[in-house]
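Here the structure comes first, spelled out in structure tokens, and everything after it is commentary.
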Amino acid sequence: NAGVTQTPKFRILKIGQSMTLQCTQDMNHNYMYWYRQDPGMGLKLIYYSVGAGITDKGEVPNGYNVSRSTTEDFPLRLELAAPSQTSVYFCASSYFTDRGYLNTGELFFGEGSRLTVL
Amino acid sequence: KNEVEQSPQNLTAQEGEFITINCSYSVGISALHWLQQHPGGGIVSLFMLSSGKKKHGRLIATINIQEKHSSLHITASHPRDSAVYICAVRGTYKYIFGTGTRLKVLA
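Residue numbers (our numbering), protein chains in the order written: chain A, 1 to 118; chain B, 119 to 225.
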């Protein structure tokens with residue numbers, strides 16, 4: 001199993017450009033998340049999805065958009081890139097069930113995408 | 119005040135030393151996670167626990183729900199343990215992350 005796959009690993013953007021960070025998981029997880037990691041800060045939630053067709057904002061959604069058309073894919077779109085979006089982005093997935101199984105909720109991360117906006 | 123606080127922020131140890139990293143939180147949780155991030159690398163899950171203690175190799179994680187505190191111990195530390203260790207707490211399906219403890223183990 002590949003787990004959570006993110007692309008690209010590195011990208012440099014000019015101010016005002018747009019791009020999409022791709023995220024795919026092959027574990028049939030229902031929950032997927034996008035986080036950004038800034039120096040000295042904990043991971044901050046940008047957007048999350050509880051299943052195909054359902055997405056919601058996290059703590060820092062401004063300047064980003066997501067979609068979840070399939071269980072596997074959860075792309076993050078950056079519109080009109082700004083220097084404040086320079087960060088490392090992580091996609092993650094997890095499985096939750098309302099049956100309360102003890103093993104649910106383990107978090108699996110992609111390798112991260114380092115984005116620089118100049 | 120952050121909802122998840124880790125200490126210390128930075129830690130340097132000699133190979134073979136016993137290491138403890140602490141995590142305190144101020145919110146109700148259903149589980150606590152310990153994660154490891156190598157320099158320039160991805161993040162991997164080490165432990166998920168909601169009570170008591172778990173052990174995996176040289177790593178031990180404990181949690182005290184009443185005191186809202188968890189510790190990650192590394193026995194017989196090795197340079198390959200050098201990484202950032204992140205504590206995260208989970209309510210229902212959202213996670214709150216600490217800022218991490220940067221560990222360097224010297225040979």
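Glycine included, every Cβ here is placed at the ideal spot set by N, Cα and C. No experiment lies behind these values; they were computed from the predicted model shown.
Residues that residue i contacts on chain A, provided the C-beta gap is smaller than 7 Å
i: Gly216 of chain B; result: Gly42
i: Ile161 of chain B; result: Phe90 and Phe109
Coarse secondary structure for residue i, derived from DSSP in three states
i: Gln85 of chain A; result: helix
i: Arg176 of chain B; result: coil
i: Arg77 of chain A; result: strand
i: Arg68 of chain A; result: coil
Test: residue i CB closer than 9 Å to a CB of chain A
i: Val122 of chain B; result: yes
i: Ala149 of chain B; result: yes
i: Arg208 of chain B; result: yes
i: Ile204 of chain B; result: yes
i: Leu153 of chain B; result: yes
i: Lys186 of chain B; result: no
Residues sharing a beta bridge with residue i, DSSP
i: Gln154 of chain B; result: B:Val162 and B:Tyr203
i: Gln132 of chain B; result: B:Leu224
i: Tyr35 of chain A; result: A:Leu45 and A:Phe90
Cβ distance (whole Å) where residue i is taken to contact residue j below 8 Å
i: Phe96 of chain A; j: Met32 of chain A; result: With a Cβ gap of about 11 Å, Phe96 of chain A and Met32 of chain A do not count as contacting.
i: Cys141 of chain B; j: Ser200 of chain B; result: In fact, because the Cβ distance is near 19 Å, the residues do not count as touching under 8 Å.
i: Met166 of chain B; j: Gly105 of chain A; result: 6 Å
i: Val207 of chain B; j: Leu150 of chain B; result: 5 Å
i: Leu221 of chain B; j: Leu129 of chain B; result: 5 Å
i: Glu111 of chain A; j: Lys9 of chain A; result: 7 Å
8 Å Cβ cut-off: residues of chain B touching residue i
i: Gly51 of chain A; result: Result: empty, since nearest Cβ-Cβ is about 11 Å, beyond 8 Å.
Neighbour flag for residue i against chain B, beta carbons, 9 Å
i: Ala2 of chain A; result: no
i: Leu45 of chain A; result: yes
Partner residues on chain A for residue i, Cβ-Cβ distance less than 8 Å
i: Tyr143 of chain B; result: By Cβ distance, chain A contributes nothing, its closest Cβ being about 12 Å from Tyr143 of chain B, past 8 Å.
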